[in-house]
Amino acid sequence: MFRLLFILIVIICIAMLQGCAVPRGKEVFLADGARGYNIYCGGSGLNYSNCLEKAGDICGTRGYHLVNQQGEIVPFSIAVREFAPNSQSTTIGYVTQSGSTVTRNLLVKCK
C-alpha cells in the first residue's frame, strides 16, 4: 500500500517538474519602441537552444534578431529548521543546504 502511494507521489512530482521545464516568453517593448520578447530558459532542465527554439516558435518564418543574451550562476543557501517527530523532544537543529541555480535570458526582436 505504502509502496503504491510512494510511486504515485513520485509520478506526480515528476509531472509537475516537467511542466516547469518549458521556456517562457514575455512580450516587452524595446528602447526604440519596437516590440520584442524576453525569453527565459533558466534552470538545470533547459539551455540556450531551448530559448532559441522558443524564439523561432514566437517569430515563425519571419525569423528574429538576437538583441541581448545573458545568463549567470546565482548561488543560494537554505536553512531549514529541523523538528523531531516527538514534539516533547528538546533537540532542535538546523539543516543547511546550499547550491546554485542558473538563469538564462534572451531578448529577441522579430524581423
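Note that the working numbering numbers the sequence shown so that position 49 is 30, with each residue one more than the last.
Heads up, the beta-carbon is just placed ideally off N, CA and C, and yes, glycines get one too.
For residue -12, count neighbouring Cβ atoms within 10 angstroms of its own Cβ and tell me buried if that reaches 16, exposed if not.
The residue in question, residue -12, is exposed, as its Cβ has fewer than 16 Cβ neighbours within 10 Å.
DSSP-derived helix/strand/coil call for residue 49:
For residue 49, the secondary structure class from DSSP, reduced to helix, strand or coil, is strand.
Output the distance between the C-alpha atoms of residue 28 and residue -10, rounded to the nearest integer angstrom.
Between residue 28 and residue -10, the C-alpha separation is close to 28 Å.
Contact set for residue 7: own chain, Cβ-Cβ below 6 Å, skip 5 residues either direction:
Its chain contains 19 as the residues whose beta carbon lies nearer than 6 Å to that of residue 7, once the 5 sequence neighbours on both sides are disregarded; these appear in chain order.
Spatial neighbours of residue 53 within its chain, please: CB distance less than 8 Å, with the 5 preceding and 5 following residues excluded, ordered by chain position.
Counting only Cβ-Cβ distances below 8 Å, and skipping sequence neighbours, we find 83, 84.
Residue 87 and residue 32 - do their beta-carbons sit closer together than 7 Å?
Contact: yes.
Going straight from the alpha carbon of residue 22 to that of residue 4, what length do you get?
In a straight line, the C-alpha of residue 22 is about 5 Å away from that of residue 4.
Note down, in chain order, each residue of its chain lying with its Cβ closer than 8 Å to the Cβ of residue 15, except the 5 sequence neighbours on either side.
Excluding positions up to five away in sequence, the list reads 90.
Residue 28, enclosing beta strand (DSSP E) - first and last residue:
Following the DSSP letters along the chain, one finds residue 28 in no beta strand (DSSP E), marked with neither H nor E.
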